[in-house]
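Structure record follows, encoded as structure tokens.
In this note's numbering, the protein residues as written are 416 to 718.
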């Protein structure tokens, strides 16, 4: 039986896949982008499949309030959204859709931001229902809308972790910088990871990370920006979208799948630190989200 150092070496070489974390709390990861069209939702779906292949249970909350795409990419048709749970007409179990490898998809709609309209009793009852997710997943990915909005900031501030997706395009980089600055100004304590999509070569992604790290260094007080990696531009990604099958399943040996696998490994094994580890999982996420939507200043209470 090899020791921990050997295990980590083999993981980095791709010969051992990471397993699910041995802890009770589900990791709540908000995934955001400064602008649309950078491939954020596609990366969420495919990374979720990779983690599920390695033994993790994964839940995706489709929180894109403008244009929900998770169901489109997975070719599942939502009948209900979390708003139906909020209204008490459906249970959470009835709303959840099933994707490949038993990935659970929750159509979000705008329902979560009606939390502020609930009295304390109904709010606490709803949060108790949502805690059902705690035992259903090792990861809860929040696929938020593109851009910087109050709703997006709410999801980011309430989550344990943040992943920002950008591309090498100058406009995407400018928007990623703006998002990091605004997120830091809200007092967010989430650990932030950067993924650069559609790169042409390895150094391109690393240069972008270093540039963002330099220009945001003065603003990221209390929030650490780490580099999760890059995903190569690959024509098979568009083909997979047209076919309605995630590219890690339809083209598992493609350049895009190989590079995203490295990103997923880094996410699975990155050290969150004691503060992120103790944030309390799904129940605490929804409690913090409620605090955000009822706080006029837009700052996460208690973060």
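Glycine included, C-beta positions come from ideal geometry on N, C-alpha and C.
{"Query": "Would you please state the rounded distance, in angstroms, between the beta carbons of residue 670 and residue 647? I believe it to be under 8 Å.", "Result": "5 Å"}
{"Query": "Does the structure place the segment 454–465 close enough to the segment 654–662 that three or more beta carbon pairs sit under 8 Å?", "Result": "yes"}
{"Query": "Looking only at its chain, what residues have a beta carbon closer than 7 Å to the beta carbon of residue 509, apart from the 5 residues adjacent to it on each side?", "Result": "495"}
{"Query": "Would you say residue 507 reaches chain C, if we count a Cβ-Cβ gap shorter than 8 Å as a contact?", "Result": "Looking at the structure shown, chain C is missing, and only one protein chain is on hand."}
{"Query": "Counting only the same chain and skipping the five closest in sequence on each side, list residues whose C-beta sits under 7 Å from that of residue 580.", "Result": "446, 448, 453, 454, 455, 458, 610 and 612"}
{"Query": "Under 8 Å Cβ to Cβ from residue 665, same chain only, skipping five residues before and after it: list those, please.", "Result": "651, 654, 655 and 658"}
{"Query": "Where does the unbroken alpha helix (DSSP H) through residue 544 begin, and where does it stop?", "Result": "535–545"}
{"Query": "With a cut-off of 8 Å on the beta carbons, I'd call residue 558 and residue 450 a contact; round off their distance for me.", "Result": "In fact, because the Cβ distance is near 15 Å, the residues do not count as touching under 8 Å."}
{"Query": "Identify, in the order they occur along the chain, each residue of the same chain with its Cβ nearer than 6 Å to the Cβ of residue 547, setting aside the five sequence neighbours on each side.", "Result": "507"}
{"Query": "Taking the straight line between their C-alpha atoms, what separation do you get for residue 518 and residue 702?", "Result": "24 Å"}
{"Query": "If distances are taken between C-alpha atoms only, which option among 498, 630 and 521 comes closest to residue 489?", "Result": "521"}
{"Query": "By the three-class DSSP mapping on this structure, what secondary structure does residue 612 have?", "Result": "strand"}
{"Query": "May I have a chain-ordered list of the beta strand (DSSP E) segments no shorter than 3 residues that lie completely inside the segment 640–711?", "Result": "640–647"}
{"Query": "For residue 549, which residues in the same chain have their Cβ closer than 8 Å to its Cβ, ignoring the five residues on either side in sequence?", "Result": "439, 440, 441, 696, 697 and 698"}
{"Query": "If you measure between the beta carbons of residue 631 and residue 608, is that distance less than 8 Å?", "Result": "no"}
{"Query": "Buried or exposed for residue 680, please, with buried defined as at least 16 other CB atoms from any protein chain shown within 10 angstroms of its CB.", "Result": "buried"}
{"Query": "Tell me which residues share the same chain as residue 643 and place their Cβ nearer than 8 Å to its Cβ, disregarding the 5 neighbours each side in the sequence.", "Result": "578, 608, 609, 610, 678, 681, 682 and 685"}
{"Query": "From this set, 575, 497 and 606, which residue's C-alpha is nearest residue 544's C-alpha?", "Result": "497"}
{"Query": "Excluding the five sequence neighbours on either side, which residues of its own chain have a C-beta within less than 7 Å of the C-beta of residue 499, listed in chain order?", "Result": "505 and 510"}
{"Query": "Note down, in chain order, each residue of its chain lying with its Cβ closer than 6 Å to the Cβ of residue 620, except the 5 sequence neighbours on either side.", "Result": "611, 614 and 645"}
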